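Notes follow the structure.
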Amino acid sequence: MGLGAGRLLATGIVLLSIAWPASAQSPSPRLALNEDVAEVGVAAAEGSALSGDVSLKEGIAPEAGEGAPAVAGPIVAREARVVGDGARTRFIMDLSGPAAVSVFMLDEPYRVVVDLPEMHFELPAETGKSGKGLVSAFRYGLISAGKSRIVLDATGPVAVDKAFVLPAEKGQPARVVVDLVRSTRTAFLETLRVSRDRMNEAQKAEALPGPAPNDGKLRIVLDPGHGGIDSGAIAKSGTLEKHIVLAFANQLKEKLAANPRYEVTMTRTDDSFMPLRGRVQFARQKHADLFVSIHADSFSGADIRGATVYTLSERASDRMAASIAESENKSDILAGVDVPEDTDEVSDILIDLARRETKNFAVVFARNVIKELKPDVRLFKRPHQQAGFMVLKAPDVPSALVELGYLSNPDDEKLLTSAEWRDKTAVAISRAIDEFFRSRVADMAASGPVTPQVGEP
Ligand SMILES: [Zn+2]
4 MGLGAGRLLA TGIVLLSIAW PASAQSPSPR LALNEDVAEV GVAAAEGSAL
54 SGDVSLKEGI APEAGEGAPA VAGPIVAREA RVVGDGARTR FIMDLSGPAA
104 VSVFMLDEPY RVVVDLPEMH FELPAETGKS GKGLVSAFRY GLISAGKSRI
154 VLDATGPVAV DKAFVLPAEK GQPARVVVDL VRSTRTAFLE TLRVSRDRMN
204 EAQKAEALPG PAPNDGKLRI VLDPGHGGID SGAIAKSGTL EKHIVLAFAN
254 QLKEKLAANP RYEVTMTRTD DSFMPLRGRV QFARQKHADL FVSIHADSFS
304 GADIRGATVY TLSERASDRM AASIAESENK SDILAGVDVP EDTDEVSDIL
354 IDLARRETKN FAVVFARNVI KELKPDVRLF KRPHQQAGFM VLKAPDVPSA
404 LVELGYLSNP DDEKLLTSAE WRDKTAVAIS RAIDEFFRSR VADMAASGPV
454 TPQVGEP
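Residues in the sequence shown are numbered from 4 upward in steps of one, following our numbering.
Dropping the structure here:
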């Protein structure tokens, strides 16, 4: 997936990583949880932000040297559960083999994030919808190539007392165990502050986009929404938005490939997750001339249907647009991605100008899309809407978000799941893209480059 997800996700706040194996025997006297798990040890990462007042000290004696035992095929997770109470809560997930894990925390809302190598999650559908004690719910899924994630929603400030991996023994499967204890907001924020400082250091090292290659190509980035741990909208029948939009993006890419001037890339090409900011960064790194985010959301009220094109505006065009943007912007929270303070404030006049011009181009593109869809594809009654979508915030890349339809509407769902309908819609959008570039290329020929070159915001 190019330069995107892996690198950006690597900047998460890692508080402790638990290497496999860690085999010192260390039954904890303080564990009064009814799940009887004999601990085999915890290895805290070097410089762990938890090394202070949190009692990771007991029983920490990692054995050096050995690597992870070989397991045939990908690890499979088959069951997960939460036990304990409001003072002390244990999360357990059964695995087909041992795996290295790392754990970090996020606030607003309080979450504990457990990262693991890529694995198959074959758990009952209801798993994680409700929790117990300090955990109100949890989610799991692929987060990027080679990496899976579990996100525990905490009921308040918590501390990770222990996190460890057990091998299969005595008829029990291998398990990931995370013990949480109640903490204070002050202590929680202090832990976050330390790890955020480290993350900011890591982010400084991120490469700025180099100069755009002067090859006359028109660069288009297609952005199939959601992915991996974040399924997006789910239709009553179980159809997932993330699958529909990836299928559509592939079809659209194929249409665009007919034009040799286009260079088309996608923010994801498989069922993995990319954070919203990562999608914006991806477009900027690719020197995109156009960014098209593709969605098929749901909205309360099954009568809402039809394609809608959204462009960026701080003020939403109406309540529905505001609500769609709000739910889209929650993607990172669902996936346990740290969302840095909004660094979006425009201090640089150049960026401001670029942004205004970029927005104008985006609006032109949105109108093209609506015009091309109209003859063939059912549109929402007000098909061009504006709202504060995070994914549309690149200051120098004209960006639009196309809701192909709404999975909450059964008739729309029928269309969205039809390859034929998607094909027809992809043809219409590719025509809109052609038209957008025809007019832009004419402008550029007349007046030189139209997009001012700007630095990083
Ligand atoms: Zn969506």
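Yeah, the Cβ is synthetic: ideal placement off N, Cα and C, and Gly gets one too.
None of the values given here were measured: they were computed from a predicted structure.
In terms of Cβ geometry, Thr242 and Leu410 form a close pair [threshold 8 Å]. Glu317 carries a coil assignment under DSSP once its states are collapsed to helix, strand and coil. Gly219 and Val444 have their C-alpha atoms spaced approximately 10 Å apart. Excluding residues up to 5 positions away in sequence, Lys220, Arg222 lie with their Cβ nearer than 6 Å to the Cβ of Glu266 in the same chain.
Cβ neighbours of Lys135 within its own chain (closer than 7 Å, five residues either side excluded): Val85, Val86, Gly87, Thr92. In this structure, DSSP gives Leu145 an extended state, which the three-state scheme calls strand.
If you measure from each CB to the nearest heavy atom of ligand 1, the residues under 5 Å come out as Gly228, Gly235, His298, Asp300. In the same chain as Ala324, and ignoring 5 residues on each side of it, the C-beta atoms closer than 8 Å to its own belong to Tyr313, Gln388, Gln389, Ala390, in chain order. Cβ contact annotation for Phe440 (same chain, cutoff 6 Å, sequence separation greater than five): Leu221, in chain order. A contact between stretches requires three or more CB pairs, one per stretch, nearer than 8 Å, and the region 273-290 fails this requirement with the region 357-364.
Taking one beta carbon from each stretch, the region 100-107 and the region 135-146 have fewer than 3 pairs nearer than 8 Å; the two do not touch. Around Gly149, the same chain offers Pro120, Glu121 as residues with beta carbons nearer than 7 Å, after the five sequence neighbours per side are excluded.
Rounded to whole angstroms, Ser296 and Glu172 show a C-alpha spacing of 47 Å. For secondary structure counted as the beta strand (DSSP E) over 3 or more consecutive residues, the region 259-284 holds these complete runs in sequence order: 265-269. Cβ contact annotation for Val224 (same chain, cutoff 6 Å, sequence separation greater than five): Thr268, Ala286, Lys289, Ala291, Phe294, in chain order. Contiguous beta strand (DSSP E) elements confined to the region 145-170 occur at 150-157, 161-169, taking only those with 3 or more residues. Excluding sequence positions up to five before and after Phe302, its CB lies within less than 8 Å of the CB of Met323, Ser326, Ile327, Tyr409, Ser411, all in the same chain and listed in chain order. Taking the C-beta atoms as reference points, His298 is found no nearer than 8 Å to Gly230. Shown here, Ala291 sits in coil according to DSSP, grouped into three states, outside any helix or strand.
Taking all protein chains shown into account, Glu406 has 16 or more neighbouring C-beta atoms within 10 Å of its C-beta and is therefore buried. According to the DSSP assignment, Asp118 belongs to the beta strand (DSSP E) that extends over 114-120. The C-beta separation of Pro160 from Ala190 comes to about 7 Å, placing the pair in contact by the 8 Å criterion.
Ser198 is classed as buried because its beta carbon has at least 16 other beta carbons within 10 Å across all chains shown. One alpha carbon belongs to Ile307, the other to Phe383, and they sit about 8 Å apart. For the 8 Å CB-CB criterion, Ala177 and Thr130 do not form a contact. Counted as a single uninterrupted DSSP element, the stretch harbouring Ala215 is not any beta strand (DSSP E), since DSSP gives it neither H nor E. Within its own chain, the residues whose Cβ lies closer than 7 Å to the Cβ of Leu126, once the five positions on either side in sequence are excluded, are Ala80, Arg81, Glu82, Ala83, listed in chain order. Apart from sequence neighbours up to five positions away, the residues of its chain that approach Met96 with a beta-carbon distance below 6 Å are Ala80, Ala83, Val179, ordered along the chain. In the structure shown, the three-state DSSP call for Lys377 is coil. DSSP places Pro413 within a helical segment (H, G or I) once states are collapsed to three.
By the Cβ criterion, the region 361-380 is not in contact with the region 249-266, since fewer than three pairs of Cβ atoms, one from each stretch, lie closer than 8 Å. Ala435 sits in a helix when the DSSP states are folded into three classes. Excluding the 5 residues flanking it on each side, Asp274 has same chain C-beta neighbours closer than 8 Å at Leu145, Gly230, Gly231, Lys245, His246, Leu249, in chain order. Val430 and Asp164 have their alpha carbons spaced roughly 55 Å apart.
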